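Engineer:
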Amino acid sequence: MSGFGKEGHLSGLTENTSVENWDSIEQLKSALMNNEVEVAATPAYVAANLYAKGVDVRMIAPVVWGMLYVLGPEGTTPGDWEALRGQKVIVVLPGNMPDLVFSYLLKQNGLNRDSDIEVIPAQDGQQALALLAKGEASWAVMPEHVASVAQMKMKKQGINLTRALNLQEEWAKVTGGEARFPMAGLVMPGKLVDEHPELVTAIREEVSATVAKANAGDADTIAAIAEKYQLPEQLVKGVLPRLQLDVVPASQARDEYEDFLTRLGEDNPKIYGGKLPDNKFYVE
């Protein structure tokens, strides 16, 4: 979203654009339910959950296709789930996307979240980093860019963390599909979608333009992201390929989206509202 309103695809449709970050899922839900935003980036299950509860939000495009990792001690064999048995594992955002994907894959690999590992919850990346620095655990479930920051900061303390589990690759092993999943995407209020379908197309094109630059390693785009999030440009450059950014119209991504929600909700379908969205949710 660093280039939103600057790429030119919204000209003639709106005079002003503003981008704000949400700090919690509850804040995001409130903004959508109270029509305080025209477009929002949301975790996949949040959009479906709101729709199931009668909030008319529509998925216009999944954008982030998986950026989750399990960091572990140096020397850990990549892909070895058994290495987690009996270990303390820091989990960022317990009950939310990183935890949901990790817990599903943990179970699929024969481990019980409640008895085979000890989960140490971290409410955000900063808390997770603090826990790692204190030596509370040497394993952590993290999204990007937090995973890269953790590796960088721990290395300065003489501790090398490895990417023990690439959860995108582990997803592919379990599902037999691609090493990706529709983790997060763009939603809009249904009324706006129905009344201004041209805006849907323009927003997709606007975001796609910045995504293409980011994926190509465009220097100006990297600099803008680094400035916005106060990160080293070199770190941003390394993180971008791991975000798996791809703007896909929602109707084309429906099968992957439904499979993702169904798997995450095997034990608790309430995370996506108890029922999968109908046709209206997926914007052409």
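Taken in order, the sequence shown gives residues 951 to 1234; the numbers are from our numbering. C-beta atoms are modelled at their ideal positions from N, C-alpha and C, and glycine is treated no differently. Source: prediction; values computed, not measured.
Leaving out the 5 sequence neighbours to the left and right, which residues in its chain are closer than 6 Å to Ile1175 when beta-carbon positions are compared?
Structural biologist: So the list reads Ser952, Val1186, once near-sequence residues are dropped.
Engineer: Can you check whether the CB of Val1014 is closer than 9 Å to the CB of Leu1195?
Structural biologist: Yes; because the gap between Cβ atoms is below 9 Å, this pair is in contact.
Engineer: Who does Leu1021 pair with in a DSSP beta bridge?
Structural biologist: Leu1021 is bridged to Ala1090, Arg1113.
Engineer: Hey, could you find the ends of the beta strand (DSSP E) Ala1200 is sitting in?
Structural biologist: That residue, Ala1200, is in no beta strand (DSSP E); it is neither H nor E in DSSP.
Engineer: Identify, in the order they occur along the chain, each residue of the same chain with its Cβ nearer than 8 Å to the Cβ of Val1161, setting aside the five sequence neighbours on each side.
Structural biologist: Once the five neighbours on either side are set aside, the close Cβ partners of Val1161 are Val1013, Leu1195, Asp1196, Val1197.
Engineer: Can you tell me whether Thr1171 is helix, strand or coil according to DSSP?
Structural biologist: DSSP places Thr1171 in helix when its eight states are reduced to three.
Engineer: Can at least three beta-carbon pairs, one atom from the region 996-1016 and one from the region 1150-1160, be found at a separation below 8 Å?
Structural biologist: At 8 Å Cβ cutoff, the stretches touch.
Engineer: Which parts of the region 1003-1050 are runs of the beta strand (DSSP E), unbroken and 3 residues or longer, counting only runs that do not cross its ends?
Structural biologist: Segments of the beta strand (DSSP E) lying fully in the region 1003-1050: 1007-1014, 1018-1023, 1038-1042.
Engineer: Between which two residues does the beta strand (DSSP E) holding Gly1135 run?
Structural biologist: From DSSP, the beta strand (DSSP E) with Gly1135 extends over 1134-1139.
Engineer: Name the residue from Val1039, Asp1144, Asp1168, Asn966 whose alpha carbon lies nearest to the alpha carbon of Glu1068.
Structural biologist: Measuring from the Cα of Glu1068, the nearest candidate turns out to be Val1039.
Engineer: Report all residues from its chain with a CB closer than 7 Å to the CB of Arg1213; omit the five preceding and five following residues, and keep chain order.
Structural biologist: Closer than 7 Å at the Cβ level, and outside the excluded window around Arg1213, lie Tyr1054.
Engineer: Identify the continuous alpha helix (DSSP H) that holds Pro1147 and give its terminal residues.
Structural biologist: Taken as a continuous stretch (DSSP letters only), the alpha helix (DSSP H) holding Pro1147 covers 1147-1165.
Engineer: Is the beta carbon of Asn1059 sitting closer than 9 Å to the one on Val1124?
Structural biologist: For Asn1059 and Val1124, yes; Cβs fall inside 9 Å.
Engineer: With DSSP run on the structure shown, which of helix, strand or coil describes Leu963?
Structural biologist: Coil at Leu963, not helix or strand.
Engineer: Got a sec? Which residues, its chain only, sit under 6 Å from Ala1129 by beta carbon, not counting five neighbours each side?
Structural biologist: Closer than 6 Å at the Cβ level, and outside the excluded window around Ala1129, lie Gln1118, Glu1119, Ala1122.
Engineer: When the Cα atoms are used, what is the spatial distance from Leu1050 to Met1138?
Structural biologist: Taking the straight line joining both Cα atoms gives about 24 Å.
Engineer: Leaving out five residues on either side along the sequence, give the residues of the same chain with a beta carbon under 7 Å from the beta carbon of Gly1215.
Structural biologist: Once the five neighbours on either side are set aside, the close Cβ partners of Gly1215 are Ile1221, Tyr1222.
Engineer: Restricting to Cα atoms, I'd like to know which of Gly1126, Glu988, Gly1167, Val969 is closest to Gln1184.
Structural biologist: Nearest option by C-alpha distance: Gly1167.
Engineer: Specify, as a first and last residue, the run of the alpha helix (DSSP H) that Ile975 falls within.
Structural biologist: Note, Ile975: alpha helix (DSSP H), 975-983.
Engineer: For Val969, is the classification buried or exposed, using 16 other Cβ atoms within 10 angstroms of its Cβ as the cut-off for buried?
Structural biologist: Counting Cβ neighbours within 10 Å, Val969 comes out exposed, since fewer than 16 surround it.
Engineer: Tell me the rounded alpha-carbon separation between Asp1170 and Gly1224.
Structural biologist: Approximately 43 Å between the Cα atoms of the pair.
Engineer: Out of Pro1219, Asn1229, Ala1173, point me to the one whose CA is closest to Gln1202's CA.
Structural biologist: The option with the nearest alpha carbon to Gln1202 is Asn1229.
Engineer: Determine the direct distance from the alpha carbon of Asp1066 to that of Glu1177, and round the result to whole angstroms.
Structural biologist: Straight-line Cα distance between these residues: approximately 41 Å.
Engineer: Throw me the rounded Cβ distance for the Gly1004 and Phe1131 pair, which I believe falls under 8 Å.
Structural biologist: 26 Å between Cβ atoms; not a contact.
Engineer: Does the separation of the CB atoms of Pro1028 and Gln1073 fall below 9 Å?
Structural biologist: Cβ atoms of Pro1028 and Gln1073: not closer than 9 Å.
Engineer: Taking Phe1052 and Val1020 to be in contact with their CB atoms under 8 Å, please state how far apart those CB atoms are, rounded to whole angstroms.
Structural biologist: With 8 Å as the limit, Phe1052 and Val1020 qualify as a contact, their Cβ atoms being about 7 Å apart.
Engineer: If you measure between the beta carbons of Asp1037 and Trp972, is that distance less than 9 Å?
Structural biologist: For clarity, residue 1037 is Gln in the given sequence; the question names Asp instead. Contact: no.
Engineer: Using a Cβ-Cβ cutoff of less than 8 Å, which residues in the same chain neighbour Glu1148 once the five nearest sequence positions on both sides are dropped?
Structural biologist: Correct list, in chain order: Leu963.
Engineer: Just the Cα atoms here: how many angstroms apart are Leu1000 and Gly1188?
Structural biologist: Straight-line Cα distance between these residues: approximately 34 Å.
Engineer: Quick one: residues in its chain with C-beta nearer than 7 Å to the C-beta of Gly955, no 5 flanking neighbours on either side, listed in chain order?
Structural biologist: Same-chain partners within the cutoff: Thr967.
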